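A.B. asks: Pasting a structure here, questions to come.
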Amino acid sequence: MTNRTAKCMCGAVTLRLQGAEDTFSACYCDACQRWGGGPFRGVSVKTENLGVDGEAHVGIVQSSSFAERAFCTKCGSGLWYRLTAGQYVGSTSVPIGLLDDTSGLKMIREIFTDEKADVVSFSGERNTMTGEEVFALYAPKEE
Numbered sequence: 160m161t162n163r164t165a166k167c168m169c170g171a172v173t174l175r176l177q178g179a180e181d182t183f184s185a186c187y188c189d190a191c192q193r194w195g196g197g198p199f200r201g202v203s204v205k206t207e208n209l210g211v212d213g214e215a216h217v218g219i220v221q222s223s224s225f226a227e228r229a230f231c232t233k234c235g236s237g238l239w240y241r242l243t244a245g246q247y248v249g250s251t252s253v254p255i256g257l258l259d260d261t262s263g264l265k266m267i268r269e270i271f272t273d274e275k276a277d278v279v280s281f282s283g284e285r286n287t288m289t290g291e292e293v294f295a296l297y298a299p300k301e302e
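Going by the numbering used here, the first residue of the sequence shown is number 160, and it counts up by one from there.
Shown next, in the form of structure tokens:
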């Protein structure tokens with residue numbers, strides 16, 4: 160676990176991640192690819208451990224029934240993906256491209272690999288999950 164800082168492209172929003180994971184995941188779901196133009200690669204931090212400066216410039220959209228995405232309203236940079244329902248509520252993922260320092264980060268997981276574009280590949284071995292496997296693990300269970 161590491162304390163990290165991050166900022167959007169224009170600097171209007173800065174983030175302080177306390178006790179962030181030293182690992183990250185890549186997501187190939189359709190929503191992530193449309194949001195960022197390619198796979199979303201994010202480092203996780205507990206929502207209560209994410210400090211935000213420049214909140215007046217944070218826009219939020221509910222992107223699914225169990226998650227939201229935040230962006231800078233000045234420059235459009237994606238700021239975070241946050242689970243809002245299900246057993247993993249309280250987890251926020253910040254794009255690694257916003258981090259001021261990425262040293263020590265290691266990719267451990269790729270999800271929605273069944274939606275992955277053929278032109279994208281990362282070296283090394285890690286856990287992989289299809290969309291069906293992801294929904295089975297993370298999506299809220301219907302009662």
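Every residue gets a Cβ at the ideal spot worked out from N, C-alpha and C, and that includes glycine. Note that the structure is predicted; figures quoted are calculated from it, not measured.
Determine, using beta carbons only, whether Leu264 and Ser236 come nearer to each other than 8 angstroms.
C.D. replies: In this structure, Ser236 does not lie closer than 8 angstroms to Leu264 by Cβ.
A.B. asks: Run the CB neighbour count on Thr234, radius 10 Å, all protein chains shown included, and call it buried at 16 or more, exposed below.
C.D. replies: The amino acid occupying residue 234 in the given sequence is Cys; Thr does not appear at that position. Its Cβ having fewer than 16 others within 10 Å, Cys234 is exposed.
A.B. asks: On the criterion of 16 or more Cβ atoms from any shown chain inside 10 Å, does Arg285 qualify as buried, or is it exposed?
C.D. replies: Exposed.
A.B. asks: Are the Cβ atoms of Ala226 and Leu242 separated by less than 8 angstroms?
C.D. replies: In this structure, Leu242 lies closer than 8 angstroms to Ala226 by Cβ.
A.B. asks: Can you check whether the CB of Gly201 is closer than 8 angstroms to the CB of Val303?
C.D. replies: For the chain, the structure presents residues 160 to 302; residue 303 sits outside this window and is missing.
A.B. asks: Work out the CA separation of Gly178 and Asn162 for me, nearest whole Å.
C.D. replies: Their backbone Cα atoms lie some 5 angstroms apart in a straight line.
A.B. asks: What number of angstroms, rounded off, separates the C-alpha of Gly290 from the C-alpha of Val211?
C.D. replies: Roughly 31 angstroms between the two C-alpha positions.
A.B. asks: Determine the closest residue to Arg193 out of Gly245, Lys300, Arg228, with distance taken between C-alpha atoms.
C.D. replies: Of Gly245, Lys300, Arg228, the residue nearest in Cα terms is Arg228.
A.B. asks: Assign Met288 to buried or exposed, taking buried as 16 or more other Cβ atoms, counted over all protein chains shown, within 10 Å of its Cβ.
C.D. replies: It counts as buried.
A.B. asks: My output table needs one value for Arg163: the three-state DSSP class, helix, strand or coil.
C.D. replies: Here Arg163 sits in strand by DSSP.
A.B. asks: In whole angstroms, give me the CA-to-CA distance for Asp273 and Gly195.
C.D. replies: C-alpha separation (whole angstroms): 18 angstroms.
A.B. asks: If I'm right that Gly249 touches Ala298 with Cβ under 8 angstroms, what's the distance once you round it to whole angstroms?
C.D. replies: In fact, because the Cβ distance is near 16 angstroms, the residues do not count as touching under 8 angstroms.
A.B. asks: Where does the unbroken beta strand (DSSP E) through Gly178 begin, and where does it stop?
C.D. replies: Per DSSP, Gly178 belongs to the beta strand (DSSP E) from 173 to 179.
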